[in-house]
Structures are given as structure tokens and as C-alpha cells.
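K.L.:
Counted from 1, the sequence shown has number 160 at position 90 by our numbering; the numbering is strictly sequential.
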Amino acid sequence: HLYAGSEAQVDFAGQSIALRQETDYPYAGLVNLTLGLQQPATFDLRLRIPGWCRAFTLAVNGEAVEADVVLGYAAVERTWQPGDRVTLDLAMPVERVAAHPAIAADAGRTAIQRGPLVYCLEAVDHAGADVRAFSLPDAAVLTPREADLFSGTVMIEAEGLRPVPDGDGLYTPLDGAKTQPVALRLIPYALWANRAPGAMAVWLPRA
Numbered sequence: 071h072l073y074a075g076s077e078a079q080v081d082f083a084g085q086s087i088a089l090r091q092e093t094d095y096p097y098a099g100l101v102n103l104t105l106g107l108q109q110p111a112t113f114d115l116r117l118r119i120p121g122w123c124r125a126f127t128l129a130v131n132g133e134a135v136e137a138d139v140v141l142g143y144a145a146v147e148r149t150w151q152p153g154d155r156v157t158l159d160l161a162m163p164v165e166r167v168a169a170h171p172a173i174a175a176d177a178g179r180t181a182i183q184r185g186p187l188v189y190c191l192e193a194v195d196h197a198g199a200d201v202r203a204f205s206l207p208d209a210a211v212l213t214p215r216e217a218d219l220f221s222g223t224v225m226i227e228a229e230g231l232r233p234v235p236d237g238d239g240l241y242t243p244l245d246g247a248k249t250q251p252v253a254l255r256l257i258p259y260a261l262w263a264n265r266a267p268g269a270m271a272v273w274l275p276r277a
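(1) If you count every other CB in all the chains shown that lies within 10 Å of the CB of Phe204, and 16 or more means buried, which is it?
(2) Kindly indicate which residue of Pro243, Arg118, Ser76 and Ala263 has the alpha-carbon position closest to the one of Ala193.
(3) Would Tyr97 and Thr223 be called neighbours here (beta carbons separated by less than 9 Å)?
(4) Could you check whether Ile182 and Val256 sit closer than 9 Å to each other, using their CB atoms as the reference points?
(5) Could you check the C-alpha separation between Asn131 and Arg116 for me, to the nearest Å?
(6) What does DSSP give as the partner residue(s) for Leu100 in the beta ladder?
(7) Between Tyr189 and Pro275, which are expected to be in contact by the criterion C-beta below 8 Å, what is the C-beta distance as a whole number of angstroms?
(8) From the DSSP output, in three-state form, read off Arg202 for me.
(9) Measure the Cβ-Cβ separation of Leu100 and Leu160 and say whether it is below 9 Å.
(10) Classify Ser215 as buried or exposed, calling it buried when 16 or more other Cβ atoms lie within 10 Å of its own Cβ.
(11) Taking the alpha carbon of Thr149 as the reference point, which residue from Arg179, Phe113, Cys123 and Glu165 has its own alpha carbon closest?
(12) If you follow the beta strand (DSSP E) that Cys190 is part of, which residue opens it and which one closes it?
Listed below in C-alpha cells is the structure:
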């Protein structure tokens, strides 16, 4: 149900079955499950397909299998053999998401999600700037990369825009507002404030 590297022993189908799970989830969608049966057994194995996942592949011992998704689970029924290896690969593209229209505070803004993780900008990655003023162009390319944070962490890079103040006036004509490019580095929201206190932004103005 919840994907994480682990080992478990369960009593099922008249025997004790050793389950070994190998994965880098939530930063990668590949999950390998090894079934340590004592003898062959026929049963229905169900693997959770998260609500955010739009595409996945499933294989047993390297051979692709089709599985219907019922109530959020992909079901594979067969006679399982000792040592069978199940491979589930959940597609994890970087996606822009929008808030419900009733959430006025997020109108005209977008958030970035990859797999189960929502991302944010953090001031510590942008020279202490107030990242809440940064915007993300609709045409910006979002590139996932390994981050120099906790092992396996994936960050997302993009080119955004930051406003350039025009003097000390509170207001500027819209056609005179200036911006300049800024390299954006987004990290998983769950890791916010692990290095230093500072401003953070999840919902970014669209540009």
C-alpha cells in the first residue's frame, strides 16, 4: 500500500510468505517486490496506484502484464512461484497544477508537483530573496535533477522572472513594469526550512 524499502513476513495461503520491497519512492516510481513463497500459491496481488499517477507499467519476472485498476489498486491474479519478482513503474512527470477556482488566493498561480511531492521555492536557494515575488512563465522548461540535500532527493530547475523595482514608488504603470530572469530551484515542500529560516512559496504567479 505504501511504497518504501522494506521486508515483511506474512501468513497467507497456508504458508509464511517473505516480502521484500526495493524502491527509491517517493523520488522514483520504480518499485520491485520479491515474493518469498515456500510453495506455489494462487492469489490476487493488489498494488496501490496513487491518485496522482496517470500512467504505470507492471511486469512479473520481466514480462509485461495487464492489470485492471479497481478502487485504486492494480490486481494481478495468478499462480505465484517462489522468488517471483513484481515490478511496478509509476510515471512521475513534472506537472503544473492549479487550485480550485474557489480558492481566490491562488487565482492566476500554479504549483509544481512530481509524483506524490509538491515543490516550493525557498529563500536559502535564492540568495535570501523574497521568492514570493518570483513568477513562473507558462513556457518555462521544468527539469528534474538530483539535489545536494538528503540522499536521493530530486529538485526541479526552471527559469523564472523576478520583479525589478522602479524607484521607491508604490505603484508602476503595468506597461512599465520590469522583470529580469532568475534561475529557480524548487525543492520538495516537505524539506522546507531544514537549512535556514526564510521565505517560501508553493503557489507561483504565472507569467
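Think of the CB as a built atom: it goes at the ideal place given N, C-alpha and C, for glycine as much as any other residue.
P.N.:
With the given structure in hand:
(1) Position 134 of the sequence shown, counting from 1, holds the residue named residue 204. When all chains shown are included, Phe204 counts as buried.
(2) Position 123 of the sequence shown holds residue 193. The shortest Cα separation from Ala193 among Pro243, Arg118, Ser76 and Ala263 belongs to Ala263.
(3) Residue 97 sits at position 27 when you count from the first residue of the sequence shown. Residue 223 sits at position 153 when you count from the first residue of the sequence shown. Cβ atoms of Tyr97 and Thr223: closer than 9 Å.
(4) Translated into positions along the sequence shown, residue 256 becomes position 186. Translated into positions along the sequence shown, residue 182 becomes position 112. A quick correction: the sequence has Leu, not Val, at residue 256. For Leu256 and Ile182, yes; Cβs fall inside 9 Å.
(5) Here residue 131 refers to the residue found at position 61 when the sequence shown is read from its first residue. Here residue 116 refers to the residue found at position 46 when the sequence shown is read from its first residue. Cα to Cα, the separation comes out at about 16 Å.
(6) Here residue 100 refers to the residue found at position 30 when the sequence shown is read from its first residue. Answer by DSSP bridge pairing, in chain order: Asp159.
(7) Along the sequence shown, read from residue 1 onward, the residue named residue 189 stands at position 119. Along the sequence shown, read from residue 1 onward, the residue named residue 275 stands at position 205. Not confirmed; about 15 Å, so no contact.
(8) As a first step, residue 202 must be located in the sequence shown, where it is residue number 132. In this structure, Arg202 counts as helix in the three-state DSSP scheme.
(9) Here the question's residue 100 lines up with position 30 in the sequence shown. Here the question's residue 160 lines up with position 90 in the sequence shown. Contact: yes.
(10) For the purposes of this step, residue 215 is taken as the residue at position 145 of the sequence shown. According to the sequence shown, residue 215 is Arg rather than Ser. Classification for Arg215: exposed.
(11) Translated into positions along the sequence shown, residue 149 becomes position 79. Closest option to Thr149, Cα to Cα, is Phe113.
(12) Residue numbering aside, residue 190 sits at position 120 when the sequence shown is read from its first letter. Counting along the chain, the beta strand (DSSP E) containing Cys190 begins and ends at Leu187 to Glu192.
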